[in-house]
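Enquirer: Here it is: the structure, laid out below.
Protein chains: 2
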Amino acid sequence: MPTPAPAQRRARLTRRAVLGAAVALADKAGIDSLSMRSLAQALGVVPMALYKHVANKEELLDGMVDVVIGEIDALVVGEAWKDAVRHRILSARRAMLRHPWASQVIKSRTSPTPQALEYMDSMIGIFREGGFSVNLTHHVMHALGSRMWGFTLEVFDSSLSSESLDPQVQAGIIHEMAATYPHIVEVAIGADLEGGSVVGLGCDDQFEFEFALGLLLDGFERLRQQGWESASH
Amino acid sequence: MPTPAPAQRRARLTRRAVLGAAVALADKAGIDSLSMRSLAQALGVVPMALYKHVANKEELLDGMVDVVIGEIDALVVGEAWKDAVRHRILSARRAMLRHPWASQVIKSRTSPTPQALEYMDSMIGIFREGGFSVNLTHHVMHALGSRMWGFTLEVFDSSLSSESLDPQVQAGIIHEMAATYPHIVEVAIGADLEGGSVVGLGCDDQFEFEFALGLLLDGFERLRQQGWESASH
DNA sequence: GACATTAGGTGTACGGTGTACGCCCGTCAA
DNA sequence: TTGACGGGCGTACACCGTACACCTAATGTC
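So the sequences go chain by chain: B and D. Going by my numbering, 39 is the number at position 39 of the first sequence; the sequence numbering is gapless. Residues are numbered in my numbering as their position in the second sequence, beginning at 1, plus a constant of 1000.
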């Protein structure tokens, strides 16, 4: 009778368990006290054990973000676009409020995870099915900015517009992405296709910024002219 | 003839010089390679020498942010409110683009520096003189969010609404702040005064969030109905 | 000019971080 | 029974921010 389960041998770690413990620890003790060492201790394990399940701390943080994104309500079919967007974004906001560290971590990420891309893709889908043109959807997503995530931030850094110089390679990447994220690719390249060019996928940040700003300012003025006041305070 | 300037003794450090070198180093090598040690080396000095000019790294970062804020154009008098706001914000954006690390650092700050408060104060002043009510100005500033800084982010954490429990102490702080930042205090407490209460300075984040979101969504819909398309792409 | 004061630069040291590398043992397939 | 292998362990390294004690060079006072 070898190894007769000496006091219930601790279950083996899984990536899932690591991420779950990391989220729980960040919720409880704050993101600043989440170190590879503290997380390992919480799991009753030696720090280096974690590296068998996450490549490094960056990947750990990415995984934690994915956990939070996974908590965002799924799409409700049959809603009008504005309700659908609002519900989705407010659900995202609720997830962010449940995990106060999440917005900060998302802000600090450089490139989005597949989970994040999928979320964005479905968001774009709402607009497209609501009758928005590709062009308008493009700008609308920029204007939403990180409100889409329940807070505010500049995303869209340069996922697609990496200077991989070789346009054939770039086209391949685009084609590959289109299979998984059709809406993203449609919006990302749509505008440029209209201009006859496929290169220069990077968008005009300055224009996007001013678009959102102008939109807000016009809205402000409209409210001002109506003498608008909020009910509560 | 004592101390005959042996090869031009290096000029003494100043806080200004430290901050300037820090900004330059962050511009050149990125914010990640800015450590107290690397900064000291760039200044030809031992790391601990810096601590005679900044209390710690946090204060160094605050100082760097102030340098960037100092680059934002001063207010132009005689402009209509919308032009004034737009120019100011676009100037802020230019400053952020000159120092790519700045937005990230500002995002990471917890409480605003006096320089930052002054900037916000003058921004509020533009709206107030443009005929905006205190109430509307309050919400408008929230909706602008960190676009005010040339990027996007949630500020207004809890500068005033710290639970210092004793309302008399709080009133003192408010009175003190009002001398320096009249517009901020006016907007911060204005809404509550109308409600008859001075306590609960904290604002309803949820409401502010939905206000800005609704504003954007309404704008989007208006554009959609008009079949709006941007000229460039 | 002489001296006390003090502000500014130095050197050492400590506790924290992420993680590379090698070992070793339990599990499982053949 | 044996071999492979995946997962947890231990050690070690480079880097970080910064506390503390020291020493030195500039400054204010007589």
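Built from N, CA and C at the ideal position, the CB exists for glycine as well.
For the structure I just gave you, are there three or more beta carbon pairs, one from the stretch 1046 to 1054 of chain D and one from the stretch 1072 to 1081 of chain D, closer than 8 Å?
Expert: Segments in contact, no.
Enquirer: Determine, using beta carbons only, whether residue 1223 of chain D comes closer than 8 Å to chain B.
Expert: Output row for residue 1223 of chain D: interface = yes.
Enquirer: Which runs of the alpha helix (DSSP H) spanning at least 4 residues fall entirely within the stretch 1066 to 1110 of chain D, listed in chain order?
Expert: List check, alpha helix (DSSP H) in window: 1081 to 1098, 1101 to 1108.
Enquirer: To be precise: take each residue of the stretch 1048 to 1080 of chain D, compare its Cβ to all Cβ atoms of chain B, and keep it if any distance is under 8 Å. Which residues remain?
Expert: Listed by position along the chain: nothing, the set is empty.
Enquirer: Between which two residues does the alpha helix (DSSP H) harbouring residue 127 of chain B extend?
Expert: From DSSP, the alpha helix (DSSP H) with residue 127 of chain B extends over 114 to 129.
Enquirer: Using a Cβ cut-off of 7 Å, which residues of the stretch 95 to 107 of chain B contact any Cβ in chain D, in chain order?
Expert: Residues passing the 7 Å Cβ filter: 107.
Enquirer: Flag this pair as yes or no: are the beta carbons of residue 107 of chain B and residue 1107 of chain D separated by less than 8 Å?
Expert: Taking 8 Å as the Cβ cut-off, residue 107 of chain B and residue 1107 of chain D qualify as a contacting pair.
Enquirer: Per DSSP, what kind of secondary structure is residue 1037 of chain D in: helix, strand or coil?
Expert: Here residue 1037 of chain D sits in helix by DSSP.
Enquirer: In terms of residue numbering, what span does the alpha helix (DSSP H) encompassing residue 1055 of chain D cover?
Expert: Element bounds for residue 1055 of chain D: n/a, residue is neither H nor E.
Enquirer: For the alpha helix (DSSP H) containing residue 16 of chain B, name the first residue and the last one.
Expert: From DSSP, the alpha helix (DSSP H) with residue 16 of chain B extends over 15 to 29.
Enquirer: With 16 as the cutoff for other CB atoms within 10 Å, does residue 262 of chain B come out buried or exposed?
Expert: With chain B represented from 1 up to 233, any question about residue 262 of chain B goes unanswered, as that position is not in the structure.
Enquirer: Using only the alpha-carbon positions, how far apart do residue 1013 of chain D and residue 31 of chain B sit?
Expert: Roughly 35 Å between the two C-alpha positions.
Enquirer: Are the beta-carbon atoms belonging to residue 11 of chain B and residue 39 of chain B less than 8 Å from one another?
Expert: Cβ atoms of residue 11 of chain B and residue 39 of chain B: not closer than 8 Å.
Enquirer: Is the CB-CB distance between residue 1101 of chain D and residue 1042 of chain D below 8 Å?
Expert: The answer is no: Cβ separation not under 8 Å.
Enquirer: Determine, using beta-carbon pairs with one atom in the stretch 43 to 50 of chain B and one in the stretch 85 to 94 of chain B, whether at least three such pairs fall under 8 Å.
Expert: No, because fewer than three Cβ pairs between the stretch 43 to 50 of chain B and the stretch 85 to 94 of chain B fall closer than 8 Å, the two stretches do not touch.
Enquirer: Can you find the residues in the same chain that come closer than 7 Å, C-beta to C-beta, to residue 34 of chain B, ignoring five residues on each side of it along the sequence?
Expert: Cβ neighbours of residue 34 of chain B beyond the five flanking positions: 22, 25, 26.
Enquirer: Buried or exposed for residue 171 of chain B, going by 16 or more other Cβ atoms inside 10 Å?
Expert: Residue 171 of chain B comes out exposed.
Enquirer: Look up residue 286 of chain B in the DSSP assignment and say whether it is helix, strand or coil.
Expert: Chain B is shown only over 1 to 233; residue 286 of chain B falls outside these bounds and no answer can be derived.
Enquirer: Alpha carbons only, please: which of B/61, B/126, B/117, B/99 is nearest the one belonging to residue 87 of chain B?
Expert: With distances taken between Cα atoms, residue 87 of chain B lies closest to B/126.
Enquirer: Please classify residue 154 of chain B: is it buried, with 16 or more other beta-carbons within 10 angstroms of its beta-carbon, or exposed?
Expert: Bear in mind that the predicted position of residue 154 of chain B carries a pLDDT of just 40, short of 50, making it too unreliable to give a figure here.
Enquirer: Check whether the Cβ atoms of residue 65 of chain B and residue 113 of chain B lie closer than 8 Å to each other.
Expert: Yes, they are a contact pair.
Enquirer: Given a cut-off of 8 Å, decide if residue 60 of chain B and residue 1223 of chain D are closer than it, judged by their beta-carbon atoms.
Expert: Cβ atoms of residue 1223 of chain D and residue 60 of chain B: not closer than 8 Å.
Enquirer: Are the CB atoms of residue 1130 of chain D and residue 1081 of chain D nearer to each other than 8 Å?
Expert: Yes, they are a contact pair.
Enquirer: Quick check on residue 1044 of chain D: does DSSP put it in helix, strand or coil?
Expert: Three-state DSSP puts residue 1044 of chain D in coil, outside helix and strand.
Enquirer: Give the DSSP-derived three-state secondary structure of residue 1178 of chain D in the structure shown.
Expert: DSSP places residue 1178 of chain D in helix when its eight states are reduced to three.
Enquirer: What's the C-alpha gap between residue 160 of chain B and residue 111 of chain B?
Expert: Confidence is the limiting factor: at residue 160 of chain B the pLDDT is only 47, short of 50, which leaves the residue's position unreliable, though a coordinate-based value still follows. Approximately 10 Å between the Cα atoms of the pair.
Enquirer: Which of the three DSSP states, helix, strand or coil, is assigned to residue 1143 of chain D?
Expert: The answer is helix: DSSP assigns residue 1143 of chain D an H, G or I state.
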